[in-house]
Every structure is written in C-alpha cells, then in structure tokens.
Amino acid sequence: GYEADTAVSATDELFHPPSGWVHVILYWTADGPITTEERPTVRLVGPEGVWGVSLDRPGDALKLYPPARWFENDQAAPKIIRHDLDVNLNPVTPPGVYQLVIEVGTEQYTLGEVEVRP
Numbered sequence: 006g007y008e009a010d011t012a013v014s015a016t017d018e019l020f021h022p023p024s025g026w027v028h029v030i031l032y033w034t035a036d037g038p039i040t041t042e043e044r045p046t047v048r049l050v051g052p053e054g055v056w057g058v059s060l061d062r063p064g065d066a067l068k069l070y071p072p073a074r075w076f077e078n079d080q081a082a083p084k085i086i087r088h089d090l091d092v093n094l095n096p097v098t099p100p101g102v103y104q105l106v107i108e109v110g111t112e113q114y115t116l117g118e119v120e121v122r123p
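Take the working numbering: the final residue in the sequence shown is number 123, and no numbers are missing along the way.
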C-alpha cells in the first residue's frame with residue numbers, strides 16, 4: 006500500500022528552496038525470500054515527461070533493513086515495512102494534475118494522482 010500528498014506546490018521557500026516535495030509512504034511485505042536488491046523509485050509524471058523524482062535518503066528503511074535480510078535465519082518476514090520517500094519537484098513544474106509512478110526494476114505502476122498548485 007501507499008500514502009502520498011495529494012496536493013503540493015512546485016516551490017517551497019521555507020524548508021527546501023526552491024523545490025517543492027511530494028511525501029510518499031510505501032508499505033512493503035513479502036510472502037517469501039527476496040533475492041534481488043532492486044530499489045524503488047517514485048516519479049511525478051505529466052504529458053511532457055518527468056517533473057520530479059524521489060531522492061536518496063541515508064536513513065532509508067530499505068537501506069537499514071534490506072529486503073534480502075527479511076527472511077534471514079529462517080525467520081518469518083516482518084509484517085509490514087514502512088518506507089518513506091520524498092519526490093523532489095522541478096520548481097518550474099506547471100500547475101496541473103500529474104501521475105505518481107513507482108518503478109521497481111523494469112516494472113512501473115501508477116500509484117495515483119497529485120495536484121501541483123501555483
């Protein structure tokens with residue numbers, strides 16, 4: 006599952022000048038061992054192309070507890086892993102409704118829509 010901001014500004018003069026952000030929370034679980042180290046990327050996409058992409062975070066949950074370790078020593082996997090991401094927006098992103106897309110390896114899925122306001 007996931008949660009995400011549904012409306013944001015393309016700019017932020019207080020916390021992250023000049024870029025605005027979309028905060029995304031992904032919830033992960035697994036039925037069996039995971040052998041790949043694929044890392045998800047989240048993008049904000051419009052008809053013109055990509056207007057934002059998730060940035061690397063040093064304290065990322067999947068870095069601290071990688072999926073390949075979820076079943077170590079024949080343990081049951083954790084119930085749910087919360088994975089927080091921030092999608093950094095291009096500050097010139099025009100107002101409109103954009104698709105929030107997650108990519109893992111070669112697969113892409115649309116999570117939902119985000120409105121960028123002036």
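We treat Cβ as the ideally placed atom computed from N, Cα and C, and that holds for glycine. Treat the numbers as computed from the prediction; the structure is a model and nothing was measured.
In chain order, 100 place their CB closer than 7 Å to the CB of residue 123, counting only its own chain and leaving out the 5 sequence neighbours on each side. Within the region 45-110, the complete alpha helix (DSSP H) runs of at least 4 residues fall at 66-69. The three-state reading of DSSP puts residue 21 in coil, since its state is none of H, G, I, E or B. Just measuring C-alpha positions, the residue of 57, 55, 87 sitting nearest residue 69 is 87. For residue 9, the enclosing beta strand (DSSP E) starts and ends at 7-9.
In this chain, the beta strand (DSSP E) harbouring residue 115 covers 112-122.
Beta-carbon to beta-carbon, residue 119 and residue 27 are separated by about 6 Å, close enough to satisfy the 8 Å threshold.
Remark: three or more beta-carbon pairs, one from each stretch, lie closer than 8 Å, so the region 27-47 and the region 90-107 are flagged as touching. Residue 14 and residue 44 have their C-alpha atoms spaced approximately 27 Å apart.
Using a 10 angstroms sphere on the CB of residue 19, the tally of other CB atoms stays under 16, which defines it as exposed. When the beta-carbon positions are compared, residue 12 and residue 116 stay at least 8 Å from each other.
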